[in-house]
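The structure appears below as structure tokens.
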Amino acid sequence: MKPTIESFKQNARVALHDPQLQRALAGLPTGLVANRAAARARLPEFEDLRDIGRDIKDHTLAHLDLYLEEYERKATAAGAHVHWAATAAEAREIILQICRDADAKIVTKGKSMISEEIGLNSALESAGIEVVETDLGEYLVQIRGETPSHIIAPAIHLTQDQVEADFRRLHKNLPQDRVLTEPAQLVGEARQVLREKFLAADVGITGANFLIAETGSSVIVTNEGNGDLTQSLARVHVVVASIEKVVPTREDVSSILRLLARSATGQEFSTYTTFSTGPRRPDDPDGPQAYHVVLLDNGRSELLGTAFREVLRCIRCGACMNHCPVYSAIGGHAYGWVYPGPIGSVLTPSLIGVKHAADLPNASTFCGRCEQVCPMKIPLPKLMRHHRETEFSLGGPSHRYRLGLKTWAWFAQRPKLYHVATRLATAALGAFGRRRGAFRRLPFAGGWTRHRDFPAPQGRTFQQLWAEHKAGAPR
Amino acid sequence: MSDPFSGRPRVGLFVTCLVDLMRPSVGFAAVKLLEQAGCSVDVPAAQTCCGQPAYNSGDKADAAALARQTIAAFEGYDYVVAPSGSCAGMLKLHYPALLADDPKWSGKAKAFAERVYELISFLVDVRGVEAVEAEYQGRATYHDSCSGLRELGIKDQPRRLLSSVKGLELKEMADSEVCCGFGGTFAIKFPDISNAMVEKKTANVAAAGPNLLLAGDLGCLMNMAGKLKREGRKIAVRHVAEVLAGELSDPPIAGSK
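Protein chains in written order, with the working numbering: chain A, 152 to 626; chain B, 1489 to 1745.
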């Protein structure tokens, strides 16, 4: 996927003025946010589980090589073909080759952000393969030629009216006078259309929420069951997962699963949690004939020895974006690449370079809500600040900004001079602004006063008044 | 150490650059509240700003220089108290992180951090203040500023003290814990997104139907007051310390004289 991060500010402006998008985003506080709060309140040990989850992931990341090799051994023993991909291009090539070998005409896909990261759909389509997204949200996004705007709710930017219009436009073989006013009717229609694709698919591609070293299994969680149909009906099942998805044991998966759905949707558990280990065995009633796992690095191993190691704990629940006031204002597409919201603002610069994604770690007030809700306790604001440090060391953000900052810092480190300067500044501002109490316009503060007044200072500094007070003057 | 004559704990007031520059009345309200709570208060002249603008812009060198300057300025006080959760959070949590690799200063930063408190939580949690002598006739709503809330756990303390203000009815707004969109340099770098955030905030404030909006951080207060003023809403905005100290003679933030 081609990043559009460099136009982040423009993307955000467009998003802020998109009434459909704003209507769709308005549902977040009463939806996913309220649901998570209720789920957390029902589980007294939720906060303890966050510590446990963090520790499991930290331990795994500290011995990642070991657990990956163990996973490979166990998966291979169960009949899996394990492929290692250092880059997105390598992963695409491996999957393309698997599809070619299977003589695939139709590929169904379960939800996978890694497949978005490596740009899999367009690669398969260029090779003449029909790709069908089977997660309802992903399907909606695909038929509109868009990308997911949220990692667990890909079509959260759409309203029901838009979906109805798309279905009428696309599903031409269905009666034009059918009723599509209820969500259940829309889901029913998608199911009907997708069912044929599940049955016709040659290869089914899914992501993985976890890989288990102890058993060589991959785990997916879904609410629609589409992942199960994708991976069990096609002749070939391909799992594409990034390397940090591995955990040591089934017990570890159980612990983290208690956090995942609660953090994501507020459910106790997702509707479907599916463990798969290798292809169909001789006496299995169903399942794929071949089972491949493509393990993607794409820059992650380089984060292991750095402060950004912590971002590899992420289990992709989406809680950070649900609770982010910036995400809630502009939606996911404005972030300009695969991963939106706070996790994207940390992960994207880590993977593609701060230079190419400098706006993202800056687009945060550091309000801390993301870290507060993160089930893996990733210190997202701290890591965004680290990206800002990198940006500053590379000469950013802009010449004008640096000049302003350096001038202020120079004064702030000379208290006597600083107090004289602030005294003059506040006297001048106070004299002009005191009668009305605020400025409608101020030079050098155009961004502020475009939208709101700038309160006038009282006219004298505290230090000045305090000195007089100490000298005996009444205030 | 505590004052040898009175036995009162010695508090160094970290005024914060915004209170110093924009609204000294908040500083005097803080002094009054601290003295009422039995402290002897002093204001070191060698303080300027906590350094957050530099720290959050990735300029660690200047942020560390300001951290060292502030720590040095407040040597010898029992407590360092700031009328801001954001600045107190910077002093208490981020100075030790910022100076962790500085062998000369890391220990000092940790010892300093242990003495740092935000004003309202200091009054309640350290000084055991349960009520104030103040009066305000009207309905107020309280915004939980992010750093105070999430870094320092300030939530009940201001509400407890406000409940003792005669005549004041506290009406909670929806989403009082959601950021107002100020974020320091954020409001300058991303004015449009910041505006979308403060618009939601002022709508929630207005829906609570208050005469008065309160919070514990002047940055957030200036942002919300500026927006309310632009929207033409007649809601007064003040720092919570002003109401608790009964210091209401100055016009509210962005209010005309």
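Even glycine gets a Cβ: it sits at the ideal position worked out from N, Cα and C.
Bounding residues of the beta strand (DSSP E) (the contiguous stretch that carries residue i)
| i | result |
| --- | --- |
| Asp1530 of chain B | Ser1528 to Asp1530 |
| Ala1724 of chain B | Ala1724 to His1727 |
| Thr373 of chain A | Ser368 to Thr373 |
| Glu1623 of chain B | Glu1623 to Tyr1630 |
| Gly355 of chain A | Val354 to Thr357 |
| Ala458 of chain A | Counting along the chain, Ala458 of chain A falls outside any beta strand (DSSP E), and DSSP gives it neither H nor E. |
| Tyr1605 of chain B | Val1604 to Glu1606 |
| Phe361 of chain A | Phe361 to Ile363 |
| Gly1747 of chain B | The first residue shown for chain B is 1489 and the last is 1745, placing residue 1747 of chain B beyond what the model contains. |
| Tyr490 of chain A | Premise fails: Tyr490 of chain A is in no beta strand (DSSP E) and is neither H nor E. |
| His443 of chain A | Ala441 to Leu447 |
Pair within 7 Å by beta-carbon distance, residue i and residue j
| i | j | result |
| --- | --- | --- |
| Ile257 of chain A | Ala188 of chain A | no |
| Leu410 of chain A | Leu200 of chain A | yes |
| Gly1704 of chain B | Met1685 of chain B | no |
| Glu172 of chain A | Ala163 of chain A | It is Leu, not Glu, that sits at residue 172 of chain A in the sequence shown. No. Outside cutoff. |
| Val497 of chain A | Val462 of chain A | yes |
| Cys465 of chain A | Ile494 of chain A | yes |
| Val1507 of chain B | Phe613 of chain A | yes |
| Ala1585 of chain B | Ala1576 of chain B | no |
| Gly358 of chain A | Ile265 of chain A | yes |
| Phe543 of chain A | Gly1495 of chain B | no |
| Gly547 of chain A | Ile407 of chain A | no |
| Ala1555 of chain B | Ala1542 of chain B | no |
| Ala242 of chain A | Gly367 of chain A | no |
| Asn280 of chain A | Cys250 of chain A | Asn is not the amino acid found at residue 280 of chain A; the sequence shown has Ile there. Yes, the pair counts as a contact, with Cβ atoms nearer than the cut-off. |
| Leu502 of chain A | Gly584 of chain A | no |
| Leu1521 of chain B | Ala1733 of chain B | yes |
Within chain B, partners of residue i - CB distance below 7 Å
| i | result |
| --- | --- |
| Ile481 of chain A | Ile1681 |
| Asn513 of chain A | Lys1677 |
| Tyr569 of chain A | Thr1536 |
| Trp559 of chain A | Pro1541 |
| Arg174 of chain A | Within chain B, no residue comes near Arg174 of chain A; the closest Cβ sits about 14 Å away, beyond 7 Å. |
| Thr155 of chain A | Residues of chain B passing the Cβ test: none, with the nearest at roughly 16 Å. |
Helix, strand or coil at residue i according to DSSP, with G and I counted as helix
| i | result |
| --- | --- |
| Ala485 of chain A | helix |
| Phe197 of chain A | helix |
| Glu522 of chain A | helix |
| Ala236 of chain A | strand |
| Thr1690 of chain B | helix |
| Gly469 of chain A | coil |
| Glu281 of chain A | strand |
| Phe426 of chain A | strand |
| Gly1655 of chain B | strand |
| Ala226 of chain A | helix |
| Val1666 of chain B | coil |
| Leu183 of chain A | helix |
| Ala1561 of chain B | helix |
| Lys1717 of chain B | helix |
| Ala1534 of chain B | coil |
| Ala618 of chain A | helix |
| Ala1695 of chain B | helix |
Range of the contiguous alpha helix (DSSP H) that encloses residue i
| i | result |
| --- | --- |
| Thr1673 of chain B | Thr1673 to Lys1677 |
| Val338 of chain A | Pro334 to Ala351 |
| Val1747 of chain B | Nothing can be reported for residue 1747 of chain B: it is not among the residues displayed for chain B, which extend from 1489 to 1745. |
| His550 of chain A | His550 to Ala563 |
| Arg401 of chain A | Arg401 to Ala415 |
| His388 of chain A | No alpha helix (DSSP H) holds His388 of chain A; the beta strand (DSSP E) holding it covers Val387 to Ser393. |
Distance cut-off 6 Å: residue i Cβ against heavy atoms of the ligand ADP
| i | result |
| --- | --- |
| Ile245 of chain A | The ligand ADP is not part of the structure shown, which contains no ligands of any sort. |
7 Å Cβ cutoff, residue i in contact with chain C
| i | result |
| --- | --- |
| Phe197 of chain A | Judged by its chain identifiers, the structure shown contains no chain C, and its protein chains are A and B. |
Partner residues on chain B for residue i, Cβ-Cβ distance less than 9 Å
| i | result |
| --- | --- |
| Asp202 of chain A | Result: empty, since nearest Cβ-Cβ is about 18 Å, beyond 9 Å. |
Interface residues of chain A facing residue i [CB-CB closer than 9 Å]
| i | result |
| --- | --- |
| Cys1634 of chain B | Thr516, Phe517, Cys518, Gly519 and Arg520 |
Closer than 7 Å at the beta carbon, the chain A residues around residue i
| i | result |
| --- | --- |
| Ile1741 of chain B | Pro606 |
8 Å Cβ cut-off: residues of chain A touching residue i
| i | result |
| --- | --- |
| Ala1684 of chain B | Leu167, Ala480 and Ile481 |
Chain-ordered neighbours of residue i on chain B, where CB pairs are closer than 8 Å
| i | result |
| --- | --- |
| Pro526 of chain A | Per Cβ cutoff of 8 Å: no residues; Pro526 of chain A is ~16 Å from chain B at best. |
Are there three or more Cβ pairs, one per stretch, closer than 8 Å when the region 1692-1704 of chain B is compared with the region 1610-1627 of chain B? Short answer: they touch.
Determine, using beta-carbon pairs with one atom in the region 370-383 of chain A and one in the region 230-249 of chain A, whether at least three such pairs fall under 8 Å. Taking 8 Å as the limit for Cβ pairs, the verdict is that the region 230-249 of chain A does not touch the region 370-383 of chain A.
Is the region 419-426 of chain A touching the region 199-219 of chain A, taking contact as three or more C-beta pairs under 8 Å? no
Does the region 594-602 of chain A come into contact with the region 1679-1694 of chain B, if we say contact requires no fewer than three beta-carbon pairs (one atom in each stretch) closer than 8 Å? Verdict: yes, contact present.
How do the region 1523-1536 of chain B and the region 1639-1647 of chain B stand: do at least 3 beta-carbon pairs fall below 8 Å, yes or no? no
Quick test of the definition: if touching needs 3 or more C-beta pairs under 8 Å, does the region 557-577 of chain A touch the region 1536-1555 of chain B? yes
Count Cβ pairs between the region 1652-1666 of chain B and the region 1593-1606 of chain B that sit closer than 8 Å; are there 3 or more? Contact fails: fewer than three Cβ-Cβ distances are below 8 Å.
Is it a yes or a no for the region 566-578 of chain A touching the region 1704-1717 of chain B, going by three-plus beta-carbon pairs under 8 Å? no
May I ask you to verify whether the region 510-527 of chain A touches the region 331-340 of chain A, counting CB pairs closer than 8 Å and requiring at least 3? Because the criterion of three Cβ pairs below 8 Å is not met, the region 510-527 of chain A and the region 331-340 of chain A do not touch.
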